[in-house]
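Just so we're aligned: 158 in this note's numbering is position 158 of the sequence shown, and the numbers increase by one with no gaps anywhere. The C-beta atom is built at its ideal place from N, Cα and C for all residues, glycine as well. Have a look at the structure below before the remarks.
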Amino acid sequence: MGSSRFDVVVVGGGPAGSVAALVLARAGARVALVDKAAFPRDKACGDIVGPRGLQILTDLGLPAPIGCDVGDIAVVGSGRRALLPCGQGLAYPDHGTAVTRTVFDSFLHDAAVDAGADALHGRAVAPLEVQGRMDGYRLSTGHDLRADFVIGADGATSRVAADAQMVDASRVLWGFAVRTYAAEVVDVPALVLWEPAPWRAFPGYGWVFPGPGGRANVGLGLGTVGDRRAGARVQQEFPRFLGHLREIGLLTGSARTVDSRRLGGWLKMGVVGTTPALGRVLLAGDAAGLVNPLQGEGIAQAMGSGRSAAEALLGEPGRAAACYRATLAADHLPYHRITAAVQAWLVGRPRAVAAVSRVLMTAVRNDAIAGGWSVFWNELLDGAPPNRHQSVAAAVTRLGQLMTARTSTARWFNAVFDAEGAAASLASRTDRASWGRKANDTPSATDLVGGQPMSNTS
Numbered sequence: 001m002g003s004s005r006f007d008v009v010v011v012g013g014g015p016a017g018s019v020a021a022l023v024l025a026r027a028g029a030r031v032a033l034v035d036k037a038a039f040p041r042d043k044a045c046g047d048i049v050g051p052r053g054l055q056i057l058t059d060l061g062l063p064a065p066i067g068c069d070v071g072d073i074a075v076v077g078s079g080r081r082a083l084l085p086c087g088q089g090l091a092y093p094d095h096g097t098a099v100t101r102t103v104f105d106s107f108l109h110d111a112a113v114d115a116g117a118d119a120l121h122g123r124a125v126a127p128l129e130v131q132g133r134m135d136g137y138r139l140s141t142g143h144d145l146r147a148d149f150v151i152g153a154d155g156a157t158s159r160v161a162a163d164a165q166m167v168d169a170s171r172v173l174w175g176f177a178v179r180t181y182a183a184e185v186v187d188v189p190a191l192v193l194w195e196p197a198p199w200r201a202f203p204g205y206g207w208v209f210p211g212p213g214g215r216a217n218v219g220l221g222l223g224t225v226g227d228r229r230a231g232a233r234v235q236q237e238f239p240r241f242l243g244h245l246r247e248i249g250l251l252t253g254s255a256r257t258v259d260s261r262r263l264g265g266w267l268k269m270g271v272v273g274t275t276p277a278l279g280r281v282l283l284a285g286d287a288a289g290l291v292n293p294l295q296g297e298g299i300a301q302a303m304g305s306g307r308s309a310a311e312a313l314l315g316e317p318g319r320a321a322a323c324y325r326a327t328l329a330a331d332h333l334p335y336h337r338i339t340a341a342v343q344a345w346l347v348g349r350p351r352a353v354a355a356v357s358r359v360l361m362t363a364v365r366n367d368a369i370a371g372g373w374s375v376f377w378n379e380l381l382d383g384a385p386p387n388r389h390q391s392v393a394a395a396v397t398r399l400g401q402l403m404t405a406r407t408s409t410a411r412w413f414n415a416v417f418d419a420e421g422a423a424a425s426l427a428s429r430t431d432r433a434s435w436g437r438k439a440n441d442t443p444s445a446t447d448l449v450g451g452q453p454m455s456n457t458s
């Protein structure tokens with residue numbers, strides 16, 4: 001069915017893949033942007049692009065999406081309600097934007113194509129190898145896409161990550177979420193900590209977020225470790241959760257105002273269990289596990305990691321994997337070392353989840369703690385202005401680091417992201433998978449984006 005040669009094949013056209021393709025194409029690299037679905041297409045999501053996501057759009061010279069601005073967020077649970085403020089940062093705005101994934105993902109995908117990326121419709125079904133090194137992917141259409149690098153941006157259940165043996169399935173923090181829409185006008189977005197029975201909390205949280213056209217985004221998400229069969233519980237409990245929302249007044253209409261169509265999807269959270277880069281394969285977004293373990297945000301992380309993956313390839317292709325791991329470590333590890341360990345401990349302990357939720361709901365009624373917690377759990381400490389909220393968030397971070405330093409999750413992060421450990425992991429995994437050339441065999445930056453393309457269609 002033919003073969004084409006590119007500098008980089010990006011598998012997955014969501015926010016991570018499209019931003020990666022955009023940055024690479026703007027720099028002159030020849031990029032294939034592959035997705036199994038035709039755009040526009042929908043995704044199960046809360047539909048909020050957070051402050052860091054909006055800042056990345058600004059950095060890339062892209063306009064902010066047209067939607068509903070979202071600022072402060074209410075947290076509801078245990079009969080209490082608290083407001084988490086959204087403040088102006090030194091490196092991000094004081095709000096997010098609610099916009100459907102159908103609209104937002106198409107916008108980013110179009111931007112990548114406009115920059116010069118080649119959009120291809122098909123499923124990546126089999127990795128290609130030449131002389132023991134990864135050389136691209138065969139699509140479900142039968143067409144071979146050969147390339148010097150692959151960026152896996154194909155979601156939580158990433159085929160690229162599995163093919164490259166970059167996932168330890170027993171350690172992954174999985175999440176499963178179900179989302180629908182309701183004919184409701186929402187003034188303040190709400191996160192819901194739900195106890196189906198007293199002192200036995202649901203192992204996740206729900207939400208009621210504003211959306212365009214007078215429709216609210218309503219969802220419920222669950223966390224689990226290793227066992228993805230637990231996701232079925234979300235589907236089973238969702239009608240009951242909708243009833244709970246009516247009882248506490250977050251939904252005011254009848255059952256007929258809620259769409260019958262529900263969309264579910266898997267999340268991979270906290271990075272743990274996934275090595276984000278080995279040899280000639282880099283993972284971005286959900287494929288790398290870059291979803292916030294505490295509140296499920298993933299769009300901003302996806303966009304940031306897509307940009308970082310592209311910049312690693314452009315800056316130093318011979319050390320792209322190591323450079324990318326170092327960037328992710330600097331950007332995310334101070335937070336994920338803590339929150340992934342906390343999430344792993346809480347999963348399967350409904351009474352502990354209930355206790356933590358009740359303590360949190362009591363604490364965040366204090367303004368300073370509410371603001372500090374908002375900065376911390378939204379992963380906004382880096383770039384927060386020096387004030388009492390920043391001080392509280394910094395204190396929570398230091399305390400979290402002390403409490404989780406000796407956990408198995410912390411040891412996993414040390415092994416994967418430590419310079420020597422990462423190098424050893426790279427060598428052993430590359431040998432075992434027979435993928436990727438040694439670092440000194442990879443192309444130079446001049447080869448990748450030089451005036452003469454390094455590869456041509458055949």
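Separation of residue j from residue i, as counted between CA atoms
i: A37; j: V359; result: 43 Å
i: R432; j: A27; result: Because the pLDDT at R432 is just 34, under 50, the model does not fix this residue reliably, and the value given afterwards should be weighed accordingly. C-alpha separation (whole angstroms): 33 Å.
i: L380; j: R398; result: 15 Å
i: R80; j: E195; result: 12 Å
i: S158; j: V150; result: 12 Å
i: P350; j: G231; result: 16 Å
i: G87; j: G243; result: 33 Å
i: F39; j: F107; result: 10 Å
i: V225; j: R146; result: 35 Å
i: G71; j: S254; result: 27 Å
i: D59; j: R215; result: 30 Å
i: G221; j: T252; result: 21 Å
i: P198; j: V208; result: 22 Å
i: G265; j: A156; result: 9 Å
i: V186; j: G211; result: 8 Å
i: R325; j: E311; result: 12 Å
i: L245; j: T180; result: 13 Å
Residue range of the alpha helix (DSSP H) that includes residue i
i: V34; result: V34 -> not in any alpha helix (DSSP H); beta strand (DSSP E) instead, spanning 31–35.
i: F241; result: 232–247
i: W377; result: 367–377
i: V160; result: 159–163
i: G53; result: 51–59
i: A91; result: First-last for A91: undefined, no H or E at that position.
i: V281; result: Per DSSP, V281 belongs to no alpha helix (DSSP H); it is in the beta strand (DSSP E), 281–283.
i: W194; result: Element bounds for W194: n/a, residue is neither H nor E.
Where the beta strand (DSSP E) through residue i begins and ends
i: I73; result: 73–77
i: M134; result: 133–139
i: S4; result: 3–11
i: E129; result: 124–130
i: F39; result: Note, F39: premise wrong, no beta strand (DSSP E); not H, not E.
i: A83; result: The identity of residue 83 in the sequence shown is Leu, whereas the question assumes Ala. Here the beta strand (DSSP E) through L83 covers 80–84.
i: R146; result: 144–152
i: A119; result: 118–121
i: V70; result: 68–70
Simplified DSSP state of residue i, which is helix, strand or coil
i: C323; result: helix
i: F176; result: strand
i: D187; result: coil
i: Y181; result: strand
i: G318; result: helix
i: D259; result: coil
i: G206; result: strand
i: A312; result: helix
i: V99; result: coil
i: N387; result: coil
i: R349; result: coil
i: D168; result: coil
i: G223; result: strand
i: I48; result: strand
i: G14; result: coil
i: V271; result: coil
i: W412; result: helix
Nearest to residue i (by Cα), restricted to the options the options
i: N378; options: T404, H95, A44, A363; result: H95
i: A284; options: A300, V356, P203; result: A300
i: V103; options: I66, R133, A82, Y324; result: I66
i: A288; options: G318, E316, L328, R262; result: L328
i: V188; options: I48, S391, G2, A394; result: I48
i: S305; options: M1, V356, F238, L282; result: L282
i: L250; options: V75, G50, R101; result: V75
i: Q390; options: G53, H336, P85; result: P85
i: T141; options: V130, R123, A153, L128; result: R123
i: D466; options: R233, D7, G12; result: In the structure displayed, the chain extends from 1 to 458; residue 466 sits before or after that span and is not available.
i: A98; options: A354, H121, G46; result: G46
i: C68; options: N217, L57, I369, E316; result: N217
(request) Take every Cβ of the segment 85–100, pair it with every Cβ of the segment 379–396, and state whether three or more of those distances are shorter than 8 Å. (result) yes
(message) Contact between the segment 271–280 and the segment 156–172 is defined here as three or more beta-carbon pairs at a separation below 8 Å; is this criterion met?
(response) yes
(message) I want to know whether the segment 111–128 touches the segment 10–30 - three or more CB-CB distances under 8 Å.
(response) yes
(request) State whether the segment 391–408 contacts the segment 328–344, with contact taken as three or more CB pairs (one from each stretch) at a distance under 8 Å. (result) yes
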